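Participant:
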Amino acid sequence: MVRTPSSGGGNNRKSGHRRIADILAEDEDSSDESLFHGYGGSRRGGGCGMLPVFLNDQSDLVEVMLELDEQSMVVRSVTPTSAAAAAAAAAAFAGAPAAKESSGTLSRSSSTASRIRRKFSWLLSPTPRRTLAEMLAAEETASASGSGPFPPPTAAAMSSRDARRIRARLERTRSGAQRALKGLRFISRTTIGAPADAAELWRRVEDRFAALAKDGLLSREDFGECIGMVDSKEFALGIFDALARRRRQNLERITKEELYDFWIQISDQSFDARLQIFFDMVDTNVDGRITRQEVQELIVLSASANKLSKLKEQAEEYAALIMEELDPENLGYIELWQLEALLLQRDTYMNYSRPLSTASAAAWSQNITGAGAGAGGGGPKPQRRPRFSFRRSASRLRLAARENWQRSWVVALWVTAMAVLFAWKFIQYRHRAAFRVMGYCLPTAKGAAETLKLNMALVLLPVCRNTLTWLRSTRARLFVPFDDNITFHKMIATAIVMGILLHAGNHLACDFPRLINSSPAHYEMVARYFGREKPTYGSLVAGVEGVTGIAMVVLMAVSFTLATHRFRKNGVRLPFPLNRLTGFNAFWYSHHLLAVVYLLLLLHGYFVYLVHKWYQRTTWMYISVPLLLYVGERHLRAFRSKAYSVKILKVSLLPGNVLTVTMSKPHGFRYRSGQYIFLQCPTISPFEWHPFSITSAPGDEYLTVHIRTSGDWTQELKRIFIESYFSPHPIGRTAFDGLAYSEQKRCTRLFVDGPYGAPAQDFRNYDVLLLVGLGIGATPFISILRDLLNNIKLADELMDLAMETSRSEVSSTSFSLSTSSSSNKKRSYRTSSAHFYWVTREAGSFEWFKGVMNEVADMDKKGIIEMHNYLTSVYEERDARTTLLTMVQALNHAKNGVDIVSGTRVRTHFARPNWKEVFNKLASKHPGATVGVFYCGTPTLAKELSKLSHEMSHRTTTRFHFHKEYF
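So this is what it looks like as structure tokens:
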């Protein structure tokens, strides 16, 4: 029986008895009416009809029930029919009355039934393939010889697969399936670049065709580059071959018209069209079925496109996993509808990692839409537009003032101090006799000089790290933004540059020329300062004041230039041997030139022009205390590094050139999670100290740091450990050279200085944590995660102890004490939830903190910590190049509990996070809470996170406080 859009008879009936192979092999241009004859009666959405197909041998006759919609046809059932029914069907087709049905039944030929089923599933595909008569003949030959690629299916297996097919069709209308219909895109943001309309996209392809084509023909190897898949040429070749097979051609080159035809197909917005191309890529032998070998080949293609070499090695295992899921009947193949069902159930498959990865999308939507519906409901506040724009501006201004009041008062005090000092000196010299000789250039230069004295003193304070670390533990942290110490240091340096320009510029370009060109009468007013004989310009510059001033300008110019971001981060490429002038070493050693600058500053301030009395030479008064404080801290480092002797316990070389060093914990060494230390290796240099975040928890009996070997110091450290301590051998389950602890051949010392305060150390002051690390920038937050884990363990132990004590009732006093200490700890420990986002470009990076992630998965039963891993080298999840990998990832975790990319129990997301969605989710999940946003990575993302923190604090009841890590 057939469900058709309308009932009624067809006009093109065919008479006579023919084999089903002849009927089904009719020309592709035949209409539906030429195949189906409708009868009266109706069902939902269409009528019923009898399939006018008769066989020479009526014992092979079967009844086929089809479901027909606008674009596809589904085989509902294939059942045997009785002799009477067969006679009735024949009579109906011939126009004769039907015979009475007999009680006997005919045995069904399973091979015939399966062949019919396969033929109608073929009708779902618009792809030109072998004719059905050819396929039937091939199958009959294979069956007769007892060979063939697939074993004869049993009736039970086929019935089970039919039932699953019907359920899959019903599932397509669900919301999760509707979201999945947006996936499987061949043309995505990674291929088209900037957004554009269809015409513009094709124009770009045309331009690339013109550049790549030879004699008007585009080679198969250039197809990927032409359509925008520059980094996925192997995958693009698979698309090319699939589209060529549709033409029943084996193409090596195509014309522009053929390229346009290919482009129309791969840019089709219909999910069914995209799915068919994807199916054709897998179905390399064009038989309408996908075998395990074909699935394995596509997994290898997808892994290559995404640069996941480890997945290529395990492609066979993952292909078997897919076949196990989609082919429970063990028929040895899967069909198009099964692949479709797998893709449309994406949300169901991905739910496995929600506790460790992200909340359910449905629950998230409910939280957002239902926020504030009840009493105390949180989430984003209703978006009411203020009646007047100035009210909205005033509201934003109040929020900005509340978030930045610490910075504001410090900067305001600093600017005010500079303005007062400048005005004081300007007015003082405005009324001096020398003003008549040199004019306004003199008070301007002297006013700038006074601000320089102040700033040369203040610039030392933000880098007195021991003092700042101590102040962080006092109530001063409530008023002073210690997290911005490096920013304030740079601001002061900028003010110093401006002061030098005003001071030196006015002296050299204005004061000196006016002095040497003054009349004798005017010079007589200042003769007591410069001598009876009028000086020359050269004598003024060659004096103590001039030499020391120019020397300071030169030294500070070198130091400040090499401290800029481009020079410090090797952003400037200079030829040999000038290339040594960039990088951290250049910054480090050039900054030590400032020691000479301060000595020259003292001399310059003593031999200052127009001042004779010692108490009026105030330079030493400004800089003495900050200078002594800074020098004292440097001596403290030298003393403490010797007192904090450490023993190297273990060294490991991890993927991505990361060196993990585990050291003994010095006696009396105390630190907080999020803090960092300085390391010195005397074998490399007795002067260089490099900062590294502590990745062990405060409660651990050892210190651990993770070092990215990207610079010359870290590379040399790696070489020393390899050559002096260990012999390389592979560790773990990945193919890389590892280093494990062994007997030390000779003593290579490491000196430790610290710990030093960092923004992340104050994480306990927030209800919720959002920890964001890029690459090696995750290191400051690993210690926090370990600390949270230790507290989870401690809470579990106290709970077990309390239960045992309450059961035994031996010591009620100890029970109350333990309960009291537990409650006190909970009161001091404000953080109730942590969300860790780790974004990296290399899949091997997940090996760095694999143990921590697995430990979180094992110990955190209450879901306090959410971990989100993002791999940016992989295309976004809706891209066709990651579709199969996403499914394999979900299936493997459901079966084995391990993510295929990270090798941990935490799911790895593909592409970059949508930070706006992340903040919206946190605002919905934690209404009214204070969220500490801690970030360590590139400045670009820091601006985005800072902006989102400001916006979401303004729009919702949740307060976000942004902090960026500095070293």
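All residue numbers for the sequence shown refer to the numbering used here, where the first residue is 107 and numbers rise by one.
The beta-carbon is built from N, C-alpha and C at its ideal position, and this holds for glycine as well.
All values derive from a computational prediction rather than experimental measurement.
#1: Going by Cα to Cα distance, which pick from Leu668, Ser1052, Ile428, Arg1018 is closest to Ala996?
#2: On the DSSP bridge assignment, give the partners of Ile813 in chain order.
#3: For Val878, report the span of its beta strand (DSSP E) as first-last.
#4: Can you tell me which residues form a DSSP beta bridge with Asn975?
#5: Counting along the chain, where does the beta strand (DSSP E) carrying Asp859 start and finish?
#6: Between Gly881 and the rest of its own chain, which residues show a CB-CB distance below 6 Å, the 5 nearest in sequence each way excluded?
#7: Go through the region 1025–1063 residue by residue and report every complete run of the beta strand (DSSP E) that reaches 3 residues or more, in order.
#8: The beta strand (DSSP E) spanning Leu759 covers which residue range?
#9: So, helix, strand or coil for Arg353, using DSSP?
#10: Can you tell which of Ile971, Glu982, Asn871 has its C-alpha closest to the C-alpha of Arg936?
#11: Below 8 Å CB to CB, which residues in the same chain sit around Arg336 once its five sequence neighbours on both sides are set aside?
#12: Beta strand (DSSP E) containing Arg1065: first to last residue?
#13: Of all the alpha helix (DSSP H) runs that stay within the bounds of the region 657–732, which reach a length of 4 or more residues?
#14: For Ile370, is the classification buried or exposed, using 16 other Cβ atoms within 10 angstroms of its Cβ as the cut-off for buried?
#15: Distance check for Glu364 and Ala1035, CA to CA, integer angstroms please.
#16: Assess contact between the region 1011–1031 and the region 972–986, defined as three or more Cβ pairs (one per stretch) separated by less than 8 Å. Is contact present?
#17: Starting from Pro797, trace the beta strand (DSSP E) both ways and give me its first and last residue.
#18: Where does Phe618 sit, in a helix, a strand or coil, going by DSSP?
#19: Grab me the residues of Arg726's own chain with a C-beta within less than 7 Å of its C-beta, minus the 5 sequence neighbours each way, in chain order.
#20: Could you spell out where the beta strand (DSSP E) holding Tyr981 opens and where it closes?
#21: Suppose the cutoff is 6 Å on Cβ atoms and the five residues either side in sequence are ignored; what does the same chain contact list for Pro549 look like?
#22: What are the residues that DSSP puts in a beta bridge with Lys320?
#23: With distance defined between alpha-carbon atoms, name the residue in Arg776, Arg740, Met1058 nearest to Val569.
#24: Helix, strand or coil for Asp389, going by three-state DSSP, please let me know.
#25: Is the distance from the Cβ of His941 to the Cβ of Thr885 below 8 Å?
#26: What does Leu785 pair with, by DSSP beta-bridge criteria?
#27: Pull up the CB-CB distance for Ala554 and Gly605, whole angstroms please, since I reckon it's below 8 Å.
#28: Can you round the beta-carbon distance between Thr642 and Ile622 to whole angstroms, since I take them to be within the 8 Å contact cut?
#29: Among the residues of its own chain, which have a CB less than 6 Å from the CB of Glu972, if the five just before and after it don't count?
#30: Could you tell me the distance, in whole angstroms, from the CA atom of Thr1064 to the CA atom of Leu1047?
#31: Terminal residues of the continuous alpha helix (DSSP H) containing Val543?
#32: Quick check: what's the CA-CA separation for Met965 versus Ala1029?
#33: Going by Cα to Cα distance, which pick from Ile440, Val586, Ile372 is closest to Gln399?
#34: Going along the chain, which residues of its own chain have a beta-carbon closer than 7 Å to the beta-carbon of Glu822, five neighbours each way excluded?
#35: Between Ala551 and Leu716, which are expected to be in contact by the criterion C-beta below 8 Å, what is the C-beta distance as a whole number of angstroms?
#36: Return the CA-CA distance between Val874 and Phe1066, expressed in angstroms with no decimal places.
Facilitator: This is what the structure holds:
#1: Ile428
#2: Leu765
#3: 874–880
#4: Trp944, Thr1014
#5: 857–862
#6: Thr946
#7: 1036–1042
#8: 754–760
#9: coil
#10: Asn871
#11: Per the sequence shown, residue 336 should be read as Val rather than Arg. Contacts found: Gly330.
#12: 1065–1070
#13: 671–674, 690–697, 699–712
#14: exposed
#15: 59 Å
#16: yes
#17: 796–799
#18: helix
#19: As written in the sequence, residue 726 is Trp, which differs from the Arg given in the question. Same-chain partners within the cutoff: Leu708, Gly711.
#20: Counting along the chain, Tyr981 falls outside any beta strand (DSSP E), and DSSP gives it neither H nor E.
#21: Phe532, Tyr535, Arg536
#22: Leu323
#23: Arg740
#24: coil
#25: no
#26: His796, Val858
#27: 5 Å
#28: 6 Å
#29: His941
#30: 21 Å
#31: 540–544
#32: 26 Å
#33: Ile440
#34: Ile790
#35: At roughly 10 Å, the Cβ-Cβ gap does not stay under 8 Å, so Ala551 and Leu716 are not in contact.
#36: 9 Å
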